[in-house]
Every structure is written in structure tokens, then in C-alpha cells.
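Engineer:
Protein chains: 2
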Amino acid sequence: MNKKLLYSCLAVALGAGTGFATFVMAQAKPDVLVKQRQAVMTLQGKYFGPLGAMAQGKAPYNAAVVQRNAGFLDNLSRMPWDGFDPSTKGEKSRALPAVYEDKAKFDQSGSALENEISKLVTVSRSGDEAAVKAQISVVAKVCGGCHESFRAKQ
Amino acid sequence: MNKKLLYSCLAVALGAGTGFATFVMAQAKPDVLVKQRQAVMTLQGKYFGPLGAMAQGKAPYNAAVVQRNAGFLDNLSRMPWDGFDPSTKGEKSRALPAVYEDKAKFDQSGSALENEISKLVTVSRSGDEAAVKAQISVVAKVCGGCHESFRAKQ
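Listed in order, the protein sequences are those of chains A and B. Residues 1 to 154 (the working numbering) make up the first sequence, in order. Residues 1 to 154 (the working numbering) make up the second sequence, in order.
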């Protein structure tokens, strides 16, 4: 199969709903941007949830899981921000207007998340369980603080 | 704020729909697993799409974007598999029964994706544009092959 045909088949097989619409578009549509940023939040929940449970003593501490999840979160924490494009203001989502009205504070919150997760990656390699749990709590506080300011209550 | 209260607030603020339900659950519910694995596909689309466009010559080649996206994809490619739990068979999704009926082949496809993306990470650091584009095409073929066998057409 030649390359052009291969990609055409892929585009059809994958469908616009998967985000592969970016194959042929310079700029993703607002609904796609919202779907992508919500996908990041879903996965941050998947990989941070167990760490929160460990920090709370609700799940047994597992250093290997913390290291793996911290690595995933380190990547995920850098993914959502370009999804908060002003073009998405009219889309259905829990993002509050403050995301766009107080962009400096929102960006600062985003950077804080990246930085604290980056520290979690480092600490998770130390073998110091207490320090790891303390840093998990710092990350939890950054998540919660940002949601408090920028996400509508359910 | 003490830790217990902090996590209680987080659980309320984030809501079960985000995947933070794992804070208090040992095993995610089938609908959550489906949402999480679909979130991975959405993000794989976000970060592979532009690479596909570059390999096709539909977008200008940008080595920095390829390196960044390859790193993200390297993480993402390891995230979806535990979401294909047999408990999700009854959930609405495009996953075909073959996912569970031919698990060996499905697992093999998953490993192939991880391996070829890992190679893309390495090649993306080489500065060899032709080799990078060739490896992007290999990854595209692995994506398409797996979808052909295991995902319902839209």
C-alpha cells in the first residue's frame, strides 16, 4: 500500500472523532480541543487516583506504581493547556470564564502542576516513602486549587 | 487543611466522572475503563496526527514537534491496555469481540505499537528526516492494522 493510500485509509478508519482530524487540519476545532483536554483530565485521574489513595493510607504503598504513574503524569501535565484556546469558550464544558479572563493566574496554576509533578518524579526515585507521600499531597493541593478557581462545581 | 479533608474536597470537586473515583475504589468500573482507554486514543490522535501530516508532506517538517510528540506517544502507547478488561465487554464502544476472543493477537498488536513508537523516539533524536518520516509511516501502519482487526468501522 502506498503512503498516500495508507493515510487515507487511516483517516477513514480512525474517524474525525478520534482526534486524527488533525491529519488534515492546521487547527483543531473547538469541540475537538475540549475533548482532548478532557481526555487529559480523565487520564490524570486514572494515574493520580491510586497515588492519592496511597498517600491517604487507603491503598498499600507501591513504589513501582508511584514511579510509573509519576512518569505518566509528568507527560500528561504538559498536554492540556493548548486545549484551553479562546475558540472553545462557547463549548459545553466545566471550564469557568476565569480560564480566559485571568489567563496569567491560570497559566501559573498550570506551571505549578508541571513543576510539582516533576518534583514527584524525582522524589519517587528516592525510595523515601514519607517524602513521596508528602509530595503527592502537594500535587493534590495544586489540582484542587486550580479546579476551585477554574472549574465549575458539578 | 488536613490531608483527609483535602482529599475529601478533591473527591467532591473532581467528581467520579473524571476517573478520580479510583481514589476510593480498588477496581475501576467498566464505564470508567472505557472512558479512560478512549481518552488515550483521543490523545494518541492529537499527538500522532501532526506527525502523519508531516510524513505525508501536508505539514512542514518540525523536528522539535516530532521529538515532543514521540515522547508523549511513548507514554500514551502504554496506557490503554488495562482498559480492555473483560468487564467492559457490555459497554458501548467500537472495540470488537476479537479484542477478547483473540487476546494473544491483540496483545501482540499492543506490544508492536509500543515498540515502534519507542523506535520513533530514538529516530526522532537522530536528525535524519527521511528515517523519521519512514518510522512515522511504520507507526501509522501498526495503528491502522490494529484498528482493522479490533475496532468496528464507523
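Note that CB positions come from ideal geometry on N, CA and C, so glycine has one too.
Look at the Cβ atom of Ala55 of chain B, then the Cβ atom of Leu120 of chain B, and state whether they are nearer than 8 Å.
Structural biologist: Contact flag unset, no.
Engineer: From the DSSP output, in three-state form, read off Ala11 of chain A for me.
Structural biologist: Interpretation of Ala11 of chain A is limited by its pLDDT of 43, a score under 50 that renders its predicted location unreliable; no figure is taken from the coordinates.
Engineer: For a contact defined as C-beta to C-beta under 9 Å, what are the partners of Leu120 of chain A on chain B?
Structural biologist: Per Cβ cutoff of 9 Å: no residues; Leu120 of chain A is ~15 Å from chain B at best.
Engineer: To the nearest angstrom, report how far apart Asn53 of chain A and Pro30 of chain B are at their CA atoms.
Structural biologist: The displayed chain sequence assigns Ala, not Asn, to residue 53 of chain A. Taking the straight line from one Cα to the other gives about 20 Å.
Engineer: With 16 other CB atoms within 10 Å as the buried threshold, where does Gln135 of chain A fall?
Structural biologist: Per the 10 Å Cβ criterion, buried.
Engineer: Using the beta-carbon of each residue, which ones in chain A are nearer than 7 Å to Lys29 of chain B?
Structural biologist: Within 7 Å Cβ-Cβ: nothing; Lys29 of chain B doesn't reach chain A, min ~12 Å.
Engineer: Have a look at B:Asp128, B:Gly110, B:Val132 and flag the residue whose alpha-carbon is nearest the alpha-carbon of Ser149 of chain B.
Structural biologist: Per the Cα distances, B:Gly110.
Engineer: Determine the DSSP secondary structure at Phe150 of chain A, reduced to helix, strand or coil.
Structural biologist: Note: Phe150 of chain A maps to helix in three-state DSSP.
Engineer: How would you list, in chain order, the residues of chain B whose beta-carbon sits under 8 Å from the beta-carbon of Leu43 of chain A?
Structural biologist: Gly19, Gln36, Ala39, Val40, Leu43, Met79, listed in chain order.
Engineer: If you measure between the beta carbons of Glu101 of chain A and Arg78 of chain A, is that distance less than 8 Å?
Structural biologist: No; because the gap between Cβ atoms is not below 8 Å, this pair is not in contact.
Engineer: Is it the case that the Cβ atoms of Ala64 of chain B and Gly127 of chain B are separated by a distance below 8 Å?
Structural biologist: It is not a contact, given that the beta carbons lie outside the stated cut-off.
Engineer: Buried or exposed, going by whether 16 or more other CB atoms sit within 10 Å of the CB of Thr88 of chain A?
Structural biologist: Label assigned to Thr88 of chain A: buried.
Engineer: Under the three-state reduction of DSSP, which class applies to Ala28 of chain B: helix, strand or coil?
Structural biologist: It is coil, neither helix nor strand.
Engineer: Buried or exposed, going by whether 16 or more other CB atoms sit within 10 Å of the CB of Lys153 of chain A?
Structural biologist: Under this definition Lys153 of chain A is an exposed residue.
Engineer: Less than 8 Å between the C-beta atoms of Leu33 of chain B and Ala39 of chain A, yes or no?
Structural biologist: No, Cβ-Cβ distance for Leu33 of chain B and Ala39 of chain A is not below 8 Å.
Engineer: Could you tell me whether the Cβ atoms of Val66 of chain A and Val138 of chain A are closer together than 8 Å?
Structural biologist: No; because the gap between Cβ atoms is not below 8 Å, this pair is not in contact.
Engineer: Put Ala95 of chain B into one of helix, strand or coil per three-state DSSP.
Structural biologist: In the structure shown, Ala95 of chain B sits in a strand (DSSP, three-state: E or B).
Engineer: In terms of alpha-carbon separation, which member of A:Gly83, A:Ala98, A:Tyr47 lies closest to Gln27 of chain B?
Structural biologist: Residue A:Tyr47 is the option with its Cα nearest to Gln27 of chain B.
Engineer: Identify each residue in the stretch 61–74 of chain A for which the Cβ-Cβ distance to at least one residue of chain B is less than 8 Å, and report them in chain order.
Structural biologist: Listed by position along the chain: Gly71, Phe72.
Engineer: To which residues of the same chain is Gly83 of chain B closer than 6 Å at the C-beta, ignoring the five residues directly before and after it?
Structural biologist: Same-chain partners within the cutoff: Leu33, Gln36, Arg37.
Engineer: Counting contacts by CB-CB distance shorter than 8 Å, is Lys46 of chain B in contact with chain A?
Structural biologist: Yes, its Cβ sits closer than 8 Å to a Cβ of chain A.
Engineer: Could you tell me the alpha carbon to alpha carbon distance between Asn75 of chain A and Arg68 of chain A, rounded to whole angstroms?
Structural biologist: When rounded, the distance between both Cα atoms is 11 Å.
Engineer: Let me confirm a value: Ala140 of chain B is counted as buried when at least 16 other C-beta atoms fall within 10 Å, else exposed. Which label applies?
Structural biologist: That one is buried.
Engineer: Looking only at C-alpha atoms, which of B:Lys92, B:Val142, B:Ala59, B:Arg94 sits nearest to Gln108 of chain B?
Structural biologist: With distances taken between Cα atoms, Gln108 of chain B lies closest to B:Val142.
Engineer: Who are the near neighbours of Lys92 of chain B in its chain, counting only those whose CB is closer than 8 Å to its CB and skipping five residues on each side?
Structural biologist: Counting only Cβ-Cβ distances below 8 Å, and skipping sequence neighbours, we find Val34.
Engineer: Within 10 angstroms of its Cβ, does Glu116 of chain B collect 16 or more other Cβ (buried), or is it exposed?
Structural biologist: The residue is buried, with at least 16 neighbouring Cβ atoms inside 10 Å.
Engineer: Could you spell out the range, first to last residue, of the alpha helix (DSSP H) harbouring Arg68 of chain A?
Structural biologist: Arg68 of chain A -> alpha helix (DSSP H) spans 63–76.
Engineer: Quick check on Gly57 of chain B: does DSSP put it in helix, strand or coil?
Structural biologist: Gly57 of chain B falls in the coil class under three-state DSSP.
Engineer: Verify the CB distance criterion: does Val142 of chain A have a CB-CB separation below 8 Å to chain B?
Structural biologist: It does not: the Cβ of Val142 of chain A has no partner Cβ on chain B nearer than 8 Å.
Engineer: With the cut-off set at 8 Å, would you say Pro80 of chain B and Met41 of chain B are in Cβ contact?
Structural biologist: Yes, the Cβ-Cβ distance between Pro80 of chain B and Met41 of chain B is below 8 Å.
Engineer: Taking DSSP as the reference, what is the three-state secondary structure of Gly90 of chain B?
Structural biologist: Here Gly90 of chain B sits in coil by DSSP.
Engineer: Helix, strand or coil: which one does DSSP assign to Met79 of chain B?
Structural biologist: Correct three-state label for Met79 of chain B: coil.
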